[in-house]
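Have a look at the structure below, then the notes.
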Ligand code: CA
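Numbering (my numbering), first residue to last: 860 to 1093.
This is the structure we're talking about:
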């Protein structure tokens, strides 16, 4: 099933709002329309549209306030500012606040549509890139870009070695990893059965990301090594 891209229009001029809604619906988008700043903000926060077309001069809250509140709430959907104002400092202000594009009224619908499509494509690419940088097992998450680990949304502080160890476990979920493999991949050393470096490191890692959580993810396989396994989702 192809998900319909959803667009929120926040525009207080009824004619412009209806015109935009109709055009975008005909172009195949799911469209919601709000006529005031507070209504627009509420819909943006609760409905998480893929893109917002945001007028600047609005009753209640202006477009800048709406945008600022959204970005402060870590809402990163694409925002296209639509406004009658064409002064350069207004554009700069919008872009500084995190608008993705800017269109000055009056505009041709075809231009708006082209920009909307570009923004949505860019958003998809960004999302896909973010996905590539995330490793998961159950509620455990490892962000390779920001080097952050979390479980159940709770931040876990790891040393560089622990991070590398957990990354290895996550990349090879379900595989029993012999100590010799862990030693060569994470410590870049030949396995020496006299050392308990691996045991100690795995124990420390588990203490941080497993011992106080359910389900347990890392298991010892006696005589063989360790495996990280997330139970199948119910
Ligand atoms: Ca307006």
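The beta carbon of each residue, even a glycine, is placed where N, CA and C say it ideally should be.
How far does the alpha helix (DSSP H) with residue i in it extend, from its first residue to its last?
i, result
"residue 1030", "1019-1030"
"residue 975", "968-991"
"residue 877", "873-885"
"residue 1081", "Premise fails: residue 1081 is in no alpha helix (DSSP H) and is neither H nor E."
"residue 1065", "1056-1068"
"residue 898", "896-906"
"residue 925", "922-931"
What is the C-beta distance between residue i and residue j, in whole angstroms, given that I count them as a contact (C-beta under 8 Å)?
i, j, result
"residue 882", "residue 968", "5 Å"
"residue 1022", "residue 1087", "Rounded, the Cβ-Cβ distance is 14 Å, inconsistent with contact."
"residue 1024", "residue 1064", "6 Å"
"residue 896", "residue 921", "6 Å"
"residue 909", "residue 979", "6 Å"
"residue 957", "residue 930", "4 Å"
"residue 1089", "residue 996", "4 Å"
"residue 928", "residue 900", "6 Å"
"residue 1085", "residue 1061", "6 Å"
Starting from residue i, trace the beta strand (DSSP E) both ways and give me its first and last residue.
i, result
"residue 889", "889-893"
"residue 1000", "999-1002"
"residue 1009", "1007-1010"
"residue 937", "937-942"
"residue 1075", "Segment: none, residue 1075 is in no beta strand (DSSP E) and carries neither H nor E."
"residue 869", "865-869"
Is there a Cβ from chain B that is less than 8 Å from the Cβ of residue i?
i, result
"residue 1041", "In the structure shown, chain B does not exist; there is a single protein chain."
Given a cut-off of 8 Å, decide if residue j and residue i are closer than it, judged by their beta-carbon atoms.
i, j, result
"residue 937", "residue 982", "yes"
"residue 1026", "residue 994", "yes"
"residue 879", "residue 912", "yes"
"residue 917", "residue 949", "no"
"residue 1045", "residue 1067", "no"
"residue 1038", "residue 1057", "yes"
"residue 904", "residue 934", "yes"
"residue 1072", "residue 1011", "yes"
Review point. On the three-pair Cβ rule with 8 Å, is the region 864-875 touching the region 885-892?
Key: Flag = yes, the region 864-875 and the region 885-892 touch.
**Study point:** Contact shell at 5 Å, judged by CB to any heavy atom of ligand 1, ordered along the chain
**Key:** Residue selection by CB proximity (closer than 5 Å to any heavy atom of ligand 1) returns 871, 914, 916 in chain order.
Point to revise | the region 1031-1042 contacting the region 1002-1010, beta-carbon criterion three pairs below 8 Å | key: Fewer than three Cβ pairs drawn from the region 1031-1042 and the region 1002-1010 lie within less than 8 Å of each other, which leaves the two stretches out of contact.
Exercise for review: Flag this pair as touching only if the region 935-945 and the region 957-964 have three or more C-beta atom pairs under 8 Å; answer yes or no.
Suggested key: Yes: the two stretches touch, three or more of their Cβ pairs being nearer than 8 Å.
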